[in-house]
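> Mind having a look at this structure? Questions to follow.
Number of protein chains: 2
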Amino acid sequence: MQIIECVPNFSEGRNEKVINLLAQTAQKTAGVMLLGVSSDYDHNRSVITIAGNESGIEEAAFLLCKTAAENIDLRQHEGVHPRMGAADVIPFIPLQNCGIETCINLSKRVGKRIADELKIPVFLYEHSATNEERKNLAAIRKGGFEGMSEKILLENWQPDYGERKINQSAGVCAVGARYALIAFNVNLNTGDIKIAKKIAAKIRESGGGLKTLKAIGVSLNGSGLAQVSMNVTNYEVTSMHDAFCAVKEEAKRYGVSVLCSEVVGFVPARALAESARRCLMIKDFNYDTYVLEAFGICVSKREPSQME
Amino acid sequence: MQIIECVPNFSEGRNEKVINLLAQTAQKTAGVMLLGVSSDYDHNRSVITIAGNESGIEEAAFLLCKTAAENIDLRQHEGVHPRMGAADVIPFIPLQNCGIETCINLSKRVGKRIADELKIPVFLYEHSATNEERKNLAAIRKGGFEGMSEKILLENWQPDYGERKINQSAGVCAVGARYALIAFNVNLNTGDIKIAKKIAAKIRESGGGLKTLKAIGVSLNGSGLAQVSMNVTNYEVTSMHDAFCAVKEEAKRYGVSVLCSEVVGFVPARALAESARRCLMIKDFNYDTYVLEAFGICVSKREPSQME
């Protein structure tokens, strides 16, 4: 069976009524499974994770964008995260028996429908992008909701679908296909964000570090600790283990050690298996021939009563 | 859907015709998926791994035992592995939506049928055992095929099913329910098997080491290197990572290091995830809420053409 993931981001992380409405919209769409809802007050932003078949995901993505447009007014929105739309970004991700082409085509159909029916201009991004610059979501989003009315009139910024006029309350939306990425953060035993930033700058691909790895240094609100916040965008090239070891090595240069790490959102078992392989030095390891889950078997947790 | 694994061991690892016949027997049973066939010349032994629904596995396990009885004559058998039957041991393992009780009941039905229809005495072992001593397969198998004619007459060794008389050519068979275990071996950069044996004796549960871990020291035929050969019988208690680290630590005391490790047979993604969790110090990690495979999704390998 083909399974596609969709992880739309919405510019609402405080109003529970609206967040619940979005979750319900996902839940009541046939062929779709709601995996998770995650909201952040400071960012005033929510992320909904759904997975399902192509037609279910297509319908759910559109309905979620519609619900967001009807319930979120960007003119009233404040939050620290960059954003340009009520439904800010809608990525489609191939998970099971599915290629990126399917997700590219899906993103274009959904993008067109959002523009046609909801009157929200759409920019295609990442693998769906129609030019090099638009592959990068940050480039599209630069200037935010507030700057978009003017930006959309610039020569380079004709939307891929819809008119050169933002939706007054819902702004614009980025829609695209991308591969699964892992949001993986490593916490340091220091509050010095400069060290986290230096480590991030050294290990990320754009700094000549590990291929396909993205990294920034941030400061954690609660503990005040510094964190290297990463996106492992291709764990077959740079695994979570590679990223973890690189942070640990670089941290040593500053006399700093690693406290722990965290995974935000969902992770494929393959990515964890790849880390275990490297960490345990398992030779000739092949996920598809060794791991029961590769055969579509979902091994249950052992009954607690039988713990030896 | 309920999925049960069965990993019968057969006393034939050289005659390809017989090995193929066994594989075909598994393949043609409805409701059963053949995951793997592994044969060893020196041990003169083959292991077949199948998974499927209860009725399919029940039928396949019986038919495999029948095929083995018709094609393997223990009186002609030579090999270094301890054995007592043509189908030597038949374990049933709960994988998905299944408890150990289901596998215990299944083992009893199959055991009775083997005794009734094939005239092969059956001993129930592990979680199916009818007394403490029989929980341990090694205790049942002690003396091997050659000693079984006399052993079966001893007061303690009345079979659970069948008469006190071994099958002349097919011997006896152990049938039981157990949990999934991981055969995990760590290779040392020394040929000194004494060191491997000392490490194994120190780290295994029976030596006061890691709970639920079994370990022995062996010498590898090809390379002459020493290996700590382990069974991780409950990765929730002692993970592959714990076992690996224990070997590494102990090896240091002898000035020896770890070259690599290997997994023999199949492994649940949970076991690898648990090792990744400990290795990467991931806090608040929960397989059932973080890992896509826990939702029954089988994330495909990324298309090679799309490697970035």
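Protein chains in written order, with this note's numbering: chain A, 704 to 1011; chain B, 704 to 1011.
Idealized CB from N, CA, C, for every residue including glycine.
#1: Which of helix, strand or coil does DSSP assign to Ala842(B)?
#2: Please determine, among His944(B), Ala949(B) and Ala754(B), the residue with the shortest C-alpha to C-alpha distance to Gln799(B).
#3: Report all residues from its chain with a CB closer than 8 Å to the CB of Gln705(A); omit the five preceding and five following residues, and keep chain order.
#4: Is it buried or exposed, Leu737(B), if we count other Cβ atoms within 10 angstroms and call 16 or more buried?
#5: Let's see if you can read the secondary structure: which residues bound the alpha helix (DSSP H) around Val967(A)?
#6: Taking 8 Å as the limit between beta carbons, can you name the residues of its chain near Pro824(B), skipping five residues before and five after?
#7: Examine chain C for any beta-carbon lying closer than 8 Å to the beta-carbon of Asp743(B), and answer yes or no.
#8: In chain A, which residues lie less than 7 Å from Pro794(B) when you measure between Cβ atoms?
#9: For Gly802(A), which residues in chain B fall below 7 Å Cβ to Cβ?
#10: Could you give the DSSP three-state label for Val940(B): helix, strand or coil?
#11: Give me the subset of the segment 947-964 of chain B whose CB atoms are less than 8 Å from a CB atom of chain A, sorted by chain position.
#12: Hey, does Ile906(A) have any beta-carbon neighbour from chain B nearer than 8 Å?
#13: Compare the C-beta of Tyr828(B) against all C-beta atoms of chain A and say whether one is closer than 8 Å.
#14: Comparing alpha-carbon positions, which option in Ala763(B), Gln730(B), Phe713(B) and Leu767(B) lies nearest Arg748(B)?
#15: So, for Arg973(B): in the same chain, excluding its five sequence neighbours on each side, which residues have a beta-carbon less than 6 Å away from its beta-carbon?
#16: Can you confirm whether the segment 708-727 of chain A touches the segment 779-797 of chain A when touching is taken to mean that 3 or more C-beta pairs between the two stretches lie within less than 8 Å?
#17: Rounded to whole angstroms, what's the CA-CA distance from Met1010(B) to Arg881(A)? Just pull it up for me.
#18: So is Pro971(A) in contact with chain B if we call contact Cβ pairs under 8 Å?
#19: Hey, could you find the ends of the beta strand (DSSP E) Glu804(A) is sitting in?
#20: With a cut-off of 8 Å, does the C-beta of Asp987(B) fall near any C-beta of chain A?
#21: Residues of chain A with CB under 8 Å from Met736(B), in chain order?
#22: Using the beta-carbon of each residue, which ones in chain A are nearer than 8 Å to Glu835(B)?
#23: Tell me whether Gln705(A) sits in a helix, a strand or coil according to DSSP, three-state version.
#24: Examine chain B for any beta-carbon lying closer than 8 Å to the beta-carbon of Ile706(A), and answer yes or no.
#25: Quick check on Gln779(A): does DSSP put it in helix, strand or coil?
#26: Thinking just about the alpha-carbon of each residue, which of Gln930(B), Val935(B) and Lys822(B) is nearest to the one in Lys951(B)?
#27: Give me the chain B residues within the contact set of Gln730(A), using Cβ-Cβ distance strictly less than 9 Å, ordered along the chain.
Taking the structure as given:
#1: Of the three classes helix, strand and coil, the one that applies to Ala842(B) here is helix, per DSSP.
#2: Checking every option, the nearest Cα to that of Gln799(B) belongs to Ala754(B).
#3: Asn756, Glu757, Gln799, Asn800, Cys801 and Thr805
#4: Classification of Leu737(B): buried, given that the 10 Å Cβ count is 16 or more.
#5: Annotation for Val967(A): no alpha helix (DSSP H) segment contains it, though the beta strand (DSSP E) segment containing it runs Val961 to Val967.
#6: Answer for Pro824(B): Ala818, Ile855, Pro862, Tyr864, Gly865, Glu866, Arg867, Lys868, Ile869, Asn870, Val875 and Cys876, listed in chain order.
#7: Checking the listed chains, one finds no chain C in this structure; the protein chains it contains are A and B.
#8: Those do not exist, as Pro794(B) stays about 15 Å from chain A at its closest Cβ, beyond 7 Å.
#9: Glu1006
#10: coil
#11: Phe947, Val961, Leu962, Cys963 and Ser964
#12: No, no contact with chain B.
#13: no
#14: Phe713(B)
#15: Here the set comprises Tyr990.
#16: Three or more beta-carbon pairs drawn from the segment 779-797 of chain A and the segment 708-727 of chain A are found closer than 8 Å, and the two stretches are therefore classed as touching.
#17: Model confidence at Met1010(B) stands at a pLDDT of 39, short of 50, so the residue's coordinates are unreliable; what they give is reported in the following sentence. Going by the C-alpha atoms only, they are around 12 Å apart.
#18: yes
#19: Here Glu804(A) belongs to no beta strand (DSSP E); instead the alpha helix (DSSP H) covers Ile803 to Leu821.
#20: yes
#21: Phe998
#22: Ordered by position in chain A, no residue passes the 8 Å Cβ test against Glu835(B), which lies about 14 Å from the chain.
#23: coil
#24: yes
#25: Three-state DSSP puts Gln779(A) in a helix.
#26: Gln930(B)
#27: None at all; the shortest Cβ gap to chain B is about 14 Å.
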